[in-house]
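K.L.:
Its first residue numbered 1, the sequence shown is counted upward by one per residue in our numbering.
Here it is, the structure, as structure tokens.
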Amino acid sequence: MAPPKPGSGRIWTHEEEVLILQHMARKPSSNSLHEFVKLTICPNISHTQLMAKIGRMKSKYNNYLKKNGRPRSGTEEFYLWATDVWGVDNTTISNDSESVPPPSSSSSYPILSNELQFNQDSLKPPESFFEWLKLCGFNIALSDEIKSKELEESWKNLHEAELKNYRVQIELIQENQMLIEEAQRAPWLHNVCSS
Numbered sequence: 001m002a003p004p005k006p007g008s009g010r011i012w013t014h015e016e017e018v019l020i021l022q023h024m025a026r027k028p029s030s031n032s033l034h035e036f037v038k039l040t041i042c043p044n045i046s047h048t049q050l051m052a053k054i055g056r057m058k059s060k061y062n063n064y065l066k067k068n069g070r071p072r073s074g075t076e077e078f079y080l081w082a083t084d085v086w087g088v089d090n091t092t093i094s095n096d097s098e099s100v101p102p103p104s105s106s107s108s109y110p111i112l113s114n115e116l117q118f119n120q121d122s123l124k125p126p127e128s129f130f131e132w133l134k135l136c137g138f139n140i141a142l143s144d145e146i147k148s149k150e151l152e153e154s155w156k157n158l159h160e161a162e163l164k165n166y167r168v169q170i171e172l173i174q175e176n177q178m179l180i181e182e183a184q185r186a187p188w189l190h191n192v193c194s195s
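Set out below in structure tokens:
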């Protein structure tokens, strides 16, 4: 049997959850939160695991709100920090529905709200080579300015080639659509289909 992946199935203590909430309240960046958790709580946690944990913490907080009141004794600190991060009026709870809507855009932690929601812009390729490196986890800067410019130019050329390829794909799809429409209008097709 294979050993479990690091960070999966981890039991989080109340103090660790409070530390996460405190950091979320103080620094509105999900990257700094991930680095903070890696340095102080769990060194091998992935960004996805952290976002899942925050989602569970938010549902725990929403359960407190559903019960109209205060959390049980011993979790007041969690409740206070969660209120500071997510606010009290960010959910509307109806008795006939179990679903809780996503946080409003006026959330006190908007970076996290953006992380948890699907964003069409996140599918766009990075604008520069160095932005792409950062997305891959390589935070490097080249001291050689000439090499840096060459890499940036190569990245631009690649991006332009991808756009040209996309344009050709669109043109082929349009041509295919025109052929289909033309074939549907052809009189011989109607005679074959009706007999």
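Glycine included, C-beta positions come from ideal geometry on N, C-alpha and C.
Computed from a prediction, not measured in an experiment: that's the story for all the values here.
(1) Between Lys38 and the rest of its own chain, which residues show a CB-CB distance below 7 Å, the 5 nearest in sequence each way excluded?
(2) To the nearest angstrom, report how far apart Lys156 and Ile11 are at their CA atoms.
(3) Closest to Leu21 by C-alpha separation, out of Ala183, Leu65 and Glu76, would be which residue?
(4) Enumerated in chain order, which unbroken segments of the beta strand (DSSP E) with a length of 3 residues or greater are wholly contained in the stretch 24-53?
(5) Ignore the nearest five residues each way along the sequence and tell me which others in Phe118's own chain have a CB closer than 6 Å to its CB.
(6) Go ahead and label Met178 buried or exposed: buried means 16 or more other beta carbons lie within 10 angstroms of its beta carbon, across all protein chains shown.
(7) By the 10 Å Cβ neighbour count, where 16 or more other Cβ atoms means buried, how is Glu223 classified, buried or exposed?
(8) Measure the alpha-carbon distance for Arg26 versus Tyr64 and round it to whole angstroms.
(9) Which term fits Asn95, buried or exposed, when burial requires 16 or more other beta carbons within 10 angstroms of its beta carbon?
(10) Have a look at His34 and Arg56 and give me their C-alpha separation to the nearest angstrom.
(11) Would you mind giving the Cβ-Cβ distance between His23 and Phe78, rounded to the nearest angstrom? I have them listed as a contact below 8 Å.
(12) Using CA coordinates, which residue listed in Leu19, Glu152, Ala161 and Glu160 is at the minimum distance from Ala82?
(13) For a quick check, are the C-beta atoms of Lys53 and Trp86 less than 8 Å apart?
(14) Please report the distance separating the alpha-carbon of Val168 from that of Lys60.
(15) Just how far apart, CA to CA, sit Leu50 and Lys67?
P.N.:
If we stick to the structure as given:
(1) Ile45
(2) 45 Å
(3) Glu76
(4) none
(5) Since pLDDT at Phe118 reaches only 47, below the 50 mark, its modelled position is unreliable, and no value is offered.
(6) Exposed, since its Cβ has fewer than 16 Cβ neighbours within 10 Å.
(7) Because the chain here runs from 1 to 195, residue 223 falls outside it and cannot be looked at.
(8) 22 Å
(9) In this prediction, Asn95 has a pLDDT of 37, which is less than 50 and means its spatial position is unreliable; what the coordinates show is noted afterwards. With fewer than 16 Cβ atoms within 10 Å of its Cβ, Asn95 is classed as exposed.
(10) 16 Å
(11) That belief does not hold up - the Cβ atoms of His23 and Phe78 are roughly 14 Å apart, past 8 Å.
(12) Nearest C-alpha to Ala82: Leu19.
(13) The answer is no: Cβ separation not under 8 Å.
(14) 50 Å
(15) Leu50 and Lys67: Cα-Cα distance of roughly 26 Å.
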